[in-house]
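Read through the structure below, which is laid out as structure tokens, and then see the notes.
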Amino acid sequence: MRLVYMNPNSTEAMTDSMVSVARETAPGAEVLGWTNHLGPPSIQGLEDGAAAVEGLLALLPEARAAAADAIFIGCFDDTGLGPLQAAAHCPVIGTGQAGMSLAALHSGRFGIVTTLDVSVLVIAANVEVYGHRRACVGVFASDLPVLEVERGGQNVEDRLARAIPNAEVAGADAVVLGCAGMSRLRRRLSARTGSLLIDGVVPAAFSAQGLACR
């Protein structure tokens, strides 16, 4: 099975960290990571998302040529999901879509912790589209820019650890990490907070194994 993770932004380090998690999750698959060099350095809000779509679509012929069994959008905003699904030769899965779906299956109530306030409206709109309005207690900003999350460090983990309980206070039994760059931090944050944390990169890989079956 060949899985392609498309990073909508142009930051190679984010592609690499996401692919590392995906390869650990699906060791029996060939996992490729492609960076959208026509996109902005990070996806923060509607304008950045719109600017990334053309570059993502331009990668589809390469995905077909590579005989990809599934494509993942490596951004929790699920940038370009609709256009890519309409044009691709194989299933296209959003990491936000996958993370929310797993959280809804696992728990009756979940919250989402994301980066900046500008991303909250985008993710909240996706919650509605995916049918999770009743299950999602809210989308909570950590006030961390995407590239700062990717750089990591103690300050990033401290601020995320402070933000996660906000979702639980609102009634969440599970918390979805609302940025693909948070995926590699999930285990440490879960151990630190004692919270059930879900990120989209892992369930996306599992979903592909079912969708790509022939």
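Residue numbers for the sequence shown follow my numbering, beginning at 3 and rising by one. Positions of the beta carbon are idealized from the N, C-alpha and C atoms, including for glycine. These numbers were taken from a predicted model, which means no experiment stands behind them.
Do residue j and residue i come within 8 Å of each other at the CB atom, strictly closer than that value?
{"i": "A105", "j": "I200", "result": "yes"}
{"i": "A72", "j": "L5", "result": "yes"}
{"i": "R11", "j": "P63", "result": "The sequence given here places Asn at residue 11; Arg does not occur at that position. Not a contact, by the Cβ cut-off of 8 Å."}
{"i": "V120", "j": "P85", "result": "no"}
{"i": "F112", "j": "C77", "result": "no"}
{"i": "V203", "j": "S192", "result": "no"}
{"i": "G140", "j": "S19", "result": "no"}
{"i": "L187", "j": "E159", "result": "yes"}
{"i": "V129", "j": "M102", "result": "yes"}
{"i": "L2", "j": "S144", "result": "For the chain, the structure presents residues 3 to 216; residue 2 sits outside this window and is missing."}
{"i": "S22", "j": "A100", "result": "no"}
{"i": "A24", "j": "Y7", "result": "yes"}
{"i": "I114", "j": "V178", "result": "yes"}
{"i": "A206", "j": "I95", "result": "yes"}
{"i": "G41", "j": "G57", "result": "yes"}
{"i": "L59", "j": "A89", "result": "yes"}
Assign residue i to one of three DSSP states: helix, strand, or coil.
{"i": "I45", "result": "coil"}
{"i": "D18", "result": "helix"}
{"i": "G183", "result": "helix"}
{"i": "G96", "result": "strand"}
{"i": "R216", "result": "With a pLDDT of 49 at R216, under the threshold of 50, the modelled position of this residue cannot be trusted, and the question is left open."}
{"i": "N157", "result": "helix"}
{"i": "T81", "result": "coil"}
{"i": "R188", "result": "helix"}
{"i": "G101", "result": "helix"}
{"i": "L40", "result": "coil"}
{"i": "P27", "result": "In the sequence as displayed, the identity of residue 27 is Thr instead of Pro. Here T27 sits in helix by DSSP."}
{"i": "L61", "result": "coil"}
{"i": "T195", "result": "helix"}
{"i": "N11", "result": "coil"}
Assign residue i to one of two classes, buried (16 or more other C-beta atoms within 10 Å of its C-beta) or exposed (fewer than that).
{"i": "Q46", "result": "buried"}
{"i": "A65", "result": "buried"}
{"i": "E152", "result": "buried"}
{"i": "D80", "result": "buried"}
{"i": "N157", "result": "exposed"}
Using DSSP's beta-bridge definition, name the partner residues of residue i.
{"i": "V6", "result": "L34 and I73"}
{"i": "I114", "result": "V141 and V178"}
{"i": "D201", "result": "L179"}
The ligand FAD and residue i: does any heavy atom of the ligand fall closer than 7 Å to the residue's C-beta?
{"i": "G110", "result": "Only the bare structure without any ligand can be found here, which leaves the ligand FAD out of the picture."}
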